[in-house]
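First residue of the sequence shown: 1, per the UniProt record's numbering; consecutive thereafter. Heads up, the beta-carbon is just placed ideally off N, CA and C, and yes, glycines get one too. The structure appears below as structure tokens.
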Amino acid sequence: MEAGSSRDAEPITRRAELRRWLEQYGVRPSRRLGQNFLVDDHWAERIVGAVEPGPDDVVLEVGPGLGALTERLVRRAGRVVAVEVDRRLAEALRQRLACVDNFQLVVADVLQVDLADLVARHLAPVGGDDMPAVKLASNLPYAITSPFLVRWLGSSVRWERAVLTLQAEVVDRLVAAPGTAAYGALTVFVAYHARVERLGIVPAGAFWPRPEVDSAVVRLWPHPQPPVAVADPDALFALVRAAFSQRRKRLANALAAHPAVDRRQAEAACRAAGLDPGARPEEVDLEGFARLANQLFSSAAGRGPGPSAS
1 MEAGSSRDAE
11 PITRRAELRR
21 WLEQYGVRPS
31 RRLGQNFLVD
41 DHWAERIVGA
51 VEPGPDDVVL
61 EVGPGLGALT
71 ERLVRRAGRV
81 VAVEVDRRLA
91 EALRQRLACV
101 DNFQLVVADV
111 LQVDLADLVA
121 RHLAPVGGDD
131 MPAVKLASNL
141 PYAITSPFLV
151 RWLGSSVRWE
161 RAVLTLQAEV
171 VDRLVAAPGT
181 AAYGALTVFV
191 AYHARVERLG
201 IVPAGAFWPR
211 PEVDSAVVRL
221 WPHPQPPVAV
231 ADPDALFALV
241 RAAFSQRRKR
251 LANALAAHPA
261 VDRRQAEAAC
271 RAAGLDPGAR
281 PEEVDLEGFA
291 RLANQLFSSA
301 AGRGPGPSAS
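What follows is the structure, given as structure tokens:
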């Protein structure tokens, strides 16, 4: 599929082309918005290849910038909707893809929109057909990684896979094993919702401006069913968050950081769940936290706050 006014232009992954468009629209890359643009053809192609967009697929892209992934996605996917917070970049991207009929751009803060509503309004098929599972693609700004993952995984959107470029140390957290320093609340939260596949390290030099750290690409696959049975998933996530807020303490003491749990209850729950009250939170896997949550929150009275992670 041709890219409208950019038909004869160089790919936006070429540095000279990127700078030409940024200058034309008066855009200076914003550190606050995490604007580091992908300028590596190999990695752009590899990321899109991991999405595997096909003519029957709908793809949601978060933070398209000037279209390093977008201009490849629209050639292969049935429909692409991109969400961009920067109005200047959005205006430039609209111009580059002006004549592409399977592309729609939404100017919004993805952390403020209702994701399920956005998908229903902009990606729903015509003719009353069933909504296909969405594929997600993003070179995600570092600053919004954790809150976006929590919102995405906690939403009701039906999705088929997600291919994300994240700060390498965040990916280390997503794939961390219990007992390691990188293992934490975000690890447990993501493990409940999805399987994480690390696809490779993207060097800092693949972006402009060059970030201070390397990135990594991951592919997330949603679990057909949660891997553990819990009476109250929200209470599970609140308990995990409380435990890791005191990760250097004994497990029973750390669990008591939850406002609805005292140390006596935590000690009893640990023993009932087959866990050592003197262990550290980072030694407890998802299954162990699920047993603790079921011991402590067996009824609606124990419902904690909404899903979150850190």
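For S245, there is no enclosing alpha helix (DSSP H), as DSSP marks it with neither H nor E.
Under the three-state reduction of DSSP output, P222 falls in the strand class. Within the region 129 to 184, the alpha helix (DSSP H) runs of at least 4 residues that lie entirely inside it are, in chain order, 145 to 154 and 168 to 174.
Around the beta carbon of P224, a 10 Å sphere encloses fewer than 16 other beta carbons of the protein chains shown; the residue is thus reported as exposed. Per DSSP, E84 is one residue of the beta strand (DSSP E) stretching across R79 to E84.
Taking C-alpha positions only, H122 is separated from Q104 by approximately 8 angstroms.
Here the alpha carbons of W152 and E10 stand approximately 33 angstroms from one another. Approximately 6 angstroms separates the beta-carbon atoms of V171 and R198; this is inside 8 angstroms, confirming the contact. In this structure the region 173 to 185 does not lie against the region 202 to 210, because fewer than three pairs of beta carbons, one per stretch, are closer than 8 angstroms.
Shown here, V39 sits in coil according to DSSP, grouped into three states, outside any helix or strand. A Cβ-Cβ separation of about 16 angstroms leaves A269 out of contact with L286 under the 8 angstroms criterion. Here the C-alpha atom of R28 lies approximately 10 angstroms from the C-alpha atom of R19.
Here G288 carries a helix assignment [DSSP, helix/strand/coil]. Around the Cβ of E71, a 10 Å sphere holds 16 or more other Cβ atoms; the residue is buried. The beta carbon of V134 sits closer than 8 angstroms to the beta carbons of V58, V59, L60, V119, L123, V157, R158, W159 and E160 from its chain, once the five residues preceding and following it are set aside; these are given in chain order. With respect to the 8 angstroms criterion, A290 and V230 are classified as neighbours on the basis of their beta carbons.
In the three-state scheme derived from DSSP, where H, G and I count as helix and E and B as strand, A9 is classed as coil.
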